[in-house]
Amino acid sequence: MLSKGHGAIAARAVALLATDTATRPLADLLTPSLPMVVFGAWLPDKTYFKSGSGDTQNHVLKMAEYTGPNRKRFVVTHKETLKQLGEARKLSHVLRDAGRLPEGWWDKAYRGDCPRGEHPANCAMGLATTLTDLLLLGDPRIQARVTGGVGHRMALPDGAATSEMQASLYFFMLSHYLADAHMPCHADARPLALYRGKLHARWEEYIDEQVAKFPAPEKVSEHTPEQILERAVAAIPLDFPNVIPSLKSDVWQEVIWICRASFAVNCIIASPDRYPLIKTSKPRKDEHDLPAKAPMPSFGELFEGRRALLEEVTEAILHDAVLSVAQVWKHVWQSVKGIQAITAPRLVA
Ligand SMILES: [Zn+2]
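Counting in my numbering, the sequence shown runs from 764 upward without gaps.
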């Protein structure tokens, strides 16, 4: 995903939160800061994040066929995948017909790999957990919205309480990892999915072209919060459930299910029958690390005469990315509310 796509998905998720009574207060918390914090949605891709938790090619989980010990643990049936993805996701509809993948595809073991410390599910889970606590320790403005907050009961040092702007920025950064997991090339270890190949970068540009109605990244801050929400809805004019579904398990597992679905989608687009599941030995290095003669089909070649498939999959990516961001944000929000029965320790001033 590119910056514009990330911004549009996250802002659209705020508009979705506003339609569910359980998350309306969170939408109200995020909305005023929108012009200043939408950039958080693309922050983890920026070069300057290399000094922190970010790095080029990080937060992607590249799936490949697994033939090592405990192989069975990494086999997930077609039925189980659909069950975990749930009906509300359009990716489940894309994957419903098992015949879209080669015979035996669902019986194989697949495992994701990424450099140590750069696991996208860890990145998302870490931020989600942090956010729960940041909200719990919110300043008076956040306390007015978070029933379970303890900030007002604790004598927090000046400046230690979380501001709405801080919390909002971290919510947008969290959206990045969820949206990225929906990009099929991020979940495929084959050389054809590398960013410097002929498929990945072009496809991300195509996704950006679909959200053309959202403001360009450098122009977002010139808009009012209401304009940003309107533009996000215009850019992703899709229908969503009135009630945002709860997560089936936790944020970590959620990212894994999305990556598995994304990988399956990439295998529909570039069938392993034609483009075998060989993985790049060093996914972060340059071309000369690619296996000799690795097929590198282009975006144009793969979607030649398959316009309907391209549109179906792109719509599913945008729809599910928005839904997933909203689901995880709702999960964080409700995690705070669930803590309200616990008595917080009183700090001595
Ligand atoms: Zn990214």
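We put the beta carbon where it would ideally sit given N, CA and C, even for glycine.
| Item | Value |
| --- | --- |
| Short of 6 Å in beta carbon distance, which residues of its chain neighbour Asp1049, apart from the five on each side in sequence? Order them along the chain. | Only weak support exists for where Asp1049 lies, its pLDDT of 45 falling under 50; the coordinates are left without a value. |
| What number of angstroms, rounded off, separates the C-alpha of His986 from the C-alpha of Thr844? | 40 Å |
| Using the three-state DSSP reduction, which class does Arg1023 fall into: helix, strand or coil? | helix |
| Can you tell me whether Glu866 is helix, strand or coil according to DSSP? | coil |
| Kindly indicate which three-state DSSP category Gly831 falls into: helix, strand or coil? | coil |
| Distance check for Gly862 and Gly960, CA to CA, integer angstroms please. | 28 Å |
| Cutting at 6 Å between CB atoms, please list the residues of its own chain near Gly768, excluding the five before and the five after it. | Ile970, Asp971, Val974 |
| Do the segment 1089-1098 and the segment 778-785 make contact, defined as three or more Cβ pairs closer than 8 Å? | yes |
| In chain order, what residues of the same chain lie with their CB nearer than 6 Å to the CB of Ser766, ignoring the 5 residues before and after it? | Trp805, Pro980 |
| Closest to Lys982 by C-alpha separation, out of Asp791, Leu793, Met799, would be which residue? | Met799 |
| Got a sec, what are the start and stop residues for the alpha helix (DSSP H) Gly1063 sits in? | 1062-1066 |
| If you pair each beta-carbon of the segment 894-905 with each one of the segment 932-942, do three or more pairs fall below 8 Å? | yes |
| Could you check what DSSP says for Met826 in three-state terms: helix, strand or coil? | strand |
| Roughly how many angstroms lie between the CA atoms of His777 and Leu793, to the nearest whole one? | For the record, residue 777 in the displayed sequence is Val; it is not His. Each residue's alpha carbon lies about 7 Å from the other. |
| Roughly how far, in whole angstroms, is the beta-carbon of Ala774 from the beta-carbon of Leu789, given that I think they are within contact range, below 8 Å? | Going by Cβ atoms, the distance from Ala774 to Leu789 rounds to 14 Å, so no, they are not a contact pair. |
| So for Glu1050, helix, strand or coil by DSSP? | Note on Glu1050: pLDDT 45, under 50, position unreliable in the model; no value is reported. |
| Considering only heavy atoms of ligand 1 and the C-beta of each residue, which residues fall inside 6 Å, strictly closer? | Pro807, Asp808, His822, His939, Asp943 |
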